[in-house]
Each structure stands twice: as structure tokens, then as C-alpha cells.
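This report concerns only the one structure given below.
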Amino acid sequence: MKKYILMIKEKLPIFQKRLVASLPFILVYQAILFIISPIKLNQILLVILIVIFTLLQFASKD
1012 MKKYILMIKE
1022 KLPIFQKRLV
1032 ASLPFILVYQ
1042 AILFIISPIK
1052 LNQILLVILI
1062 VIFTLLQFAS
1072 KD
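With positions in the sequence shown counted from 1, the corresponding number in my numbering is that position plus 1011.
Right, dumping it as C-alpha cells:
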């Protein structure tokens, strides 16, 4: 079990970079999902993703 935890810790920065890189696509998917099924959970997830995306855009150096 310890071996798997160490492996996950080692690959965590790679997963984080991939997640941040795919955030615009996740945001579009969540927006479409909210349009199809406008329930409270989808609305909350969409708002959270918009806030995260906006903060990452302001924090980027580009």
C-alpha cells in the first residue's frame, strides 16, 4: 500500500498539470450538462469551475 501512495505522490504534479490544462474543456462540458439538466448540483459545480478557471487565468504569467 505504501508503494502505491508513494507512486501517487510522485505523479501528483503531472496529474495537476493535466487537470489545469483540461480545465476549459471540463468547463464547457459542465456548462452543457447544466443546460441539459439544470439542477442545483450542476449549477454549483459550474460556478465553482468558473471561479477556479477565472482565478487560474488571473494567476497565469502569460
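Quick reminder that beta carbons are idealized off the backbone N, C-alpha and C, glycines included. In this text, all values refer to a predicted model and were calculated from it rather than measured experimentally.
Could you check what DSSP says for residue i in three-state terms: helix, strand or coil?
i               : result
methionine 1012 : coil
isoleucine 1049 : Just to set this straight, residue 1049 is proline in the shown sequence, not isoleucine. Proline 1049 falls in the coil class under three-state DSSP.
Taking the alpha-carbon of residue i as reference, which of the options has the nearest alpha-carbon?
i               : options                               : result
valine 1062     : Glu1021, Ile1037 and Lys1022          : Ile1037
isoleucine 1055 : Ala1042, Thr1065, Ile1016 and Lys1013 : Ala1042
leucine 1071    : Phe1045, Ser1048, Lys1028 and Tyr1040 : Reading off the sequence shown, one finds serine at residue 1071, where the question assumed leucine. For serine 1071, the nearest C-alpha among the options comes from Lys1028.
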